[in-house]
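Okay, structure first, notes after.
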Amino acid sequence: LYTMRTLIDQFTLDKQQPPQSLEELVDEGYLRGGLPVDPFTRSNQTWQVDYEDVPISPNQAATGIVDVHSGSDELSLDGTPYSSW
Numbered sequence: 811l812y813t814m815r816t817l818i819d820q821f822t823l824d825k826q827q828p829p830q831s832l833e834e835l836v837d838e839g840y841l842r843g844g845l846p847v848d849p850f851t852r853s854n855q856t857w858q859v860d861y862e863d864v865p866i867s868p869n870q871a872a873t874g875i876v877d878v879h880s881g882s883d884e885l886s887l888d889g890t891p892y893s894s895w
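Counted from 1, the sequence shown has number 838 at position 28 by this note's numbering; the numbering is strictly sequential.
This is the structure:
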């Protein structure tokens with residue numbers, strides 16, 4: 811998650827707009843080798859993304875993805891959903 815979040819931020823800085831999809835991170839070379847597998851669902855197709863409603867910077871051209879979470883329904887040992895991390 812840390813790496814994907816860092817790459818979303820880097821993409822946003824480089825392009826002056828956040829990615830419109832996780833696949834765009836792959837297509838633009840930020841995620842080499844494709845989308846990583848969600849360790850809790852064991853799939854690279856279950857990632858949940860958060861989109862911003864308005865640009866967060868005056869230089870930003872569009873809205874897009876600002877965060878990513880596991881798509882798992884399971885709970886961690888402390889009772890919090892993995893999807894909330």
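We put the CB at the ideal spot given by N, CA and C, even for glycine.
Problem set entry | Same chain, Cβ closer than 6 Å to Q869, five either side skipped, listed in chain order | Mapped onto the sequence shown, residue 869 falls at position 59. According to the sequence as given, residue 869 is Asn; it is not Gln. Only Q826 meet the Cβ criterion.
Exercise. Could one say the Cβ of T813 lies closer than 8 Å to chain C's Cβ atoms, at least one of them?
Worked result: Here there is only one protein chain, and chain C is not present.
Exercise. Helix, strand or coil: how does DSSP classify V876 here?
Worked result: If you number the sequence shown from 1, residue 876 lands on position 66. The answer is strand: DSSP assigns V876 an E or B state.
Exercise. Using CA coordinates, which residue listed in L823, S886, D848, I818 is at the minimum distance from L896?
Worked result: Absent from the structure is residue 896, since the part of the chain shown begins at 811 and ends at 895.
Exercise. Would H879 pass as a contact of Q855 if the rule is Cβ separation under 8 Å?
Worked result: Locating residue 879 in the sequence shown gives position 69, counting from the first residue. Locating residue 855 in the sequence shown gives position 45, counting from the first residue. Taking 8 Å as the Cβ cut-off, H879 and Q855 do not qualify as a contacting pair.
Problem set entry | Residues near G881 in its chain [Cβ-Cβ closer than 7 Å; skip 5 each side] | Locating residue 881 in the sequence shown gives position 71, where the first residue counts as 1. Excluding sequence neighbours, G881 sits near D848, T851, T856, W857, Q858, S893.
Exercise. Can you tell me whether DSSP reads V836 as helix, strand or coil?
Worked result: For the purposes of this step, residue 836 is taken as the residue at position 26 of the sequence shown. If DSSP states are grouped into helix, strand and coil, V836 belongs with the helices.
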